[in-house]
Every structure is written in C-alpha cells, then in structure tokens.
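First comes the structure, then the notes that go with it.
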Amino acid sequence: MDIFSISSLSLLVLAVLVAAGLSAAFGGFFTVKTAEVAVVVRFGKFLRVAEAGLNWKWPYLDDVAGRISLRVSQITLTMETKTRDNVFVTIPISVQTRVRPEKVFDAFYKLANPVEQIQAYVEQVILGHVPGMTLDEVFASQSGIAAAVKQELDADMAGFGYEIVNVLVTDIVPDAKVKAAMNDINAAQREQVAAAARGEAEKILVVKKAEAEAESKALQGQGIANQRSAIIQGLQGSIEQFQKVVGGTSTADVMQMVLVTQYFDTLKSIGENDRTNTLFLSHSPGAIKEFSEQIMQSVLVAAKA
Numbered sequence: 069m070d071i072f073s074i075s076s077l078s079l080l081v082l083a084v085l086v087a088a089g090l091s092a093a094f095g096g097f098f099t100v101k102t103a104e105v106a107v108v109v110r111f112g113k114f115l116r117v118a119e120a121g122l123n124w125k126w127p128y129l130d131d132v133a134g135r136i137s138l139r140v141s142q143i144t145l146t147m148e149t150k151t152r153d154n155v156f157v158t159i160p161i162s163v164q165t166r167v168r169p170e171k172v173f174d175a176f177y178k179l180a181n182p183v184e185q186i187q188a189y190v191e192q193v194i195l196g197h198v199p200g201m202t203l204d205e206v207f208a209s210q211s212g213i214a215a216a217v218k219q220e221l222d223a224d225m226a227g228f229g230y231e232i233v234n235v236l237v238t239d240i241v242p243d244a245k246v247k248a249a250m251n252d253i254n255a256a257q258r259e260q261v262a263a264a265a266r267g268e269a270e271k272i273l274v275v276k277k278a279e280a281e282a283e284s285k286a287l288q289g290q291g292i293a294n295q296r297s298a299i300i301q302g303l304q305g306s307i308e309q310f311q312k313v314v315g316g317t318s319t320a321d322v323m324q325m326v327l328v329t330q331y332f333d334t335l336k337s338i339g340e341n342d343r344t345n346t347l348f349l350s351h352s353p354g355a356i357k358e359f360s361e362q363i364m365q366s367v368l369v370a371a372k373a
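This is the structure:
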C-alpha cells in the first residue's frame, strides 16, 4: 500500500512537470503580423528582430519588448512663422515616415517619442527657410520648401532609423487682414485688365464706325456727283430743245426759267412733308432773281475756266 501511494505520487508529480514543460514550450511561440517586426530581448538586453510569421523564443528567458510597424505613417502639424516682409503665416505640413527595416534597433531604442521629435526637426527646418523669404516668395516656393524640409529631415532622421517618404506643404495661410488686402489687390488688377479690354473693344467699334461713315460718305459723294452730272446733261438737252422751239431766246433766259421752275418744285416738295427740317431762305422775287444771277455767274465762270 505504501509502495502504491509513492508510485501514484511520483506519477502525479511527473504529469505536472510534463504539463508545465509542454505549456512553457508552446508558450514560447508567438506571431508577428505582416508589415510589422517584434523586438526580442533576453533578460532585458536586445537579442534580435523577429519578422512577420510564426516565431519562437525561450520561455522565461526571452521576451518581446515591443512591436514596430513598417507601414508609412503620417504626422500632421501646423506651425506659425514670420516672413522677411513681417507677415505672419500659418503653414500646415504633413510628413510621411516609415521605419527602415534594417535599422529597427535605432528606431526602437534611440527615440523616446518619435512623433514629437520629428515635429521638432520640421519646425527647425521651416524656421531656417521661411523667415528669409517674402510672402510672395513663400507662395511661389511652396514645393521648394517641402523639398528642402524632406532633404534635411531625411538626412537627420536616417541616424534614428527613420525614412522620410514625403513632405507635403498643403497650404500657405497668411494673416486674415493680409489675405483680405491680397484679395483686394487681385480684384483691382483684374478690374484694370477688364477696363483695358473694354477700352480696346470701344476703340475697335469707333474705328469701324468711322470707316463705315467714310465709306458711306464716299458712296454718297459719288451718288451726288452722278446726280449732278445727269442734271447738267438734262439741262443741256432742255436748253437746246427750248432754243429750237422758241427762236431768239438766249441761254441765260432759258437757265433763269429752269431755275424758277426748280424753285417752285422745291417749295412743293417741302410742303408735302409735314416733318421736314429743311432751312429755306427768303423766297421773295428779288431774292430769287439775286440767287439766279449768282448761280448763272458761277456757271459762266466755270464754263470759261
């Protein structure tokens, strides 16, 4: 009976030891996700970097101190600074970073708070560039500022195991009053361009109108010349025919009679239109005779010339 009790106790102890051993052995297995690494330490000292998949560590000897993601992460910050022409601007910046796989040790142990320290580096680089530029230069060099920040930040953070994938300067926001003044200046410049365009259009209209009037007057003058030529030819035929019918009549007598006839025709045409604005001079018999003599004299002088 005593021997049986001792044997049972031994088996129980052995079973417990085997179970504890198996539990410890299986407890040494651990998994690491894709795009992630685990830092394994032994008694608190760095041992190795465990990559994605199933891994094993010695129970009670090794431990997983932490895990680091290898994916790209984005740090967003907004900082305010002053330009060379004393304008305060707010600059939103996005920094895309990731841990270099070959420098996991540096990334895990050298930086206590990576986000805050990267932000401090970004602010230092911005303060080294923007204060030496005017507001217009800052707007024109937005991509250049981002490239400068990336270049300097990447060089500084490489020693800490971080890679700067990209730096984005998403906007340049000046003070509200400065922004309103810039909008006013822009509106005034656009209005100036619009006024110049309107003036040029009006100039073209005036020139075209003058050209049309000149062409119209030229055609009108040609028509008047043709009309007068036809009148002269008609008068010549009338005078010759009248002299044949009425013998002994001089050319001057015939012209005077024709002028009197035209005078009465003119009076008739003026009276037929109730909206006429023609200014007609005195039509007394003495005035008509005087007009006739002046016209005849002009015709005779022109004929002699």
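According to the numbering used here, the stretch in the sequence shown is residues 69 to 373, in order.
All residues carry an ideal CB built from backbone N, CA and C; glycine is no exception.
Out of the options, state which residue places its alpha-carbon closest to the alpha-carbon of residue i.
i	options	result
Q164	N234, V107, S211, G212	N234
V190	L203, P160, P169, K171	P160
V108	Q330, Q288, A180, G134	G134
D243	D153, E279, Q192	D153
E361	I253, G227, Q324	Q324
E184	I292, L122, T146	T146
I194	V132, S162, P182	S162
E104	G196, F111, F97, E119	E119
R110	G96, T329, V100	G96
A106	E170, R266, V206	E170
Q187	L221, K245, R116	L221
Q192	E205, L203, E148	E148
Q142	K125, P182, V132	P182
Can you round the beta-carbon distance between residue i and residue j to whole angstroms, since I take them to be within the 8 Å contact cut?
i	j	result
I136	F176	6 Å
V237	A214	4 Å
V380	T158	Examination of residue 380 is not possible in this model, given that the chain is present from 69 through 373 alone.
F228	K178	5 Å
T144	L122	Rounded, the Cβ-Cβ distance is 36 Å, inconsistent with contact.
By the DSSP assignment, the beta strand (DSSP E) with residue i in it spans what residues?
i	result
L138	No beta strand (DSSP E) contains L138, which DSSP labels as neither H nor E.
A106	104-110
V117	113-118
L129	From DSSP, L129 is part of no beta strand (DSSP E); its letter is neither H nor E.
V155	That residue, V155, is in no beta strand (DSSP E); it is neither H nor E in DSSP.
V198	Neither: V198 is in no beta strand (DSSP E) and is coded neither H nor E.
T99	97-100
Taking the alpha helix (DSSP H) that residue i belongs to, which residues open and close that run?
i	result
F173	172-177
L203	203-208
V193	182-195
Measure the C-alpha to C-alpha separation of residue i and residue j and round it to an integer number of angstroms.
i	j	result
A58	Q290	Outside the shown range of the chain, which is 69 to 373, sits residue 58, and nothing can be said about it.
V140	R166	5 Å
A264	K276	18 Å
D130	T102	22 Å
M69	P127	Only weak support is given to the placement of M69: the predicted model assigns it a pLDDT of 47, under 50, and the question is left unresolved by the model.
E358	Q365	11 Å
T329	K336	11 Å
E270	A280	15 Å
A180	I232	18 Å
G377	S211	The requested residue 377 is not part of the displayed model; the chain covers only 69 to 373.
M201	D239	16 Å
H197	M225	19 Å
Q257	L138	51 Å
I292	L273	28 Å
G302	A278	36 Å
V155	Y230	34 Å
K374	P199	This structure gives no information on residue 374, because the portion of the chain shown stretches from 69 to 373.
K312	T334	27 Å
L287	A298	16 Å
Q260	D252	12 Å
D204	Q219	23 Å
L115	R168	18 Å
K245	A223	38 Å
V117	V132	9 Å
G305	S284	32 Å
Determine which residues share a DSSP beta bridge with residue i and list them.
i	result
Y230	V167
T329	Paired residues: none, contrary to the question.
A147	Correcting the residue identity first, residue 147 is Met in this sequence and not Ala. M147 is bridged to I159.
L122	T99
V22	For residue 22 there is no data in the structure shown, the boundaries of the chain being 69 and 373.
Q142	Q164
V241	T158
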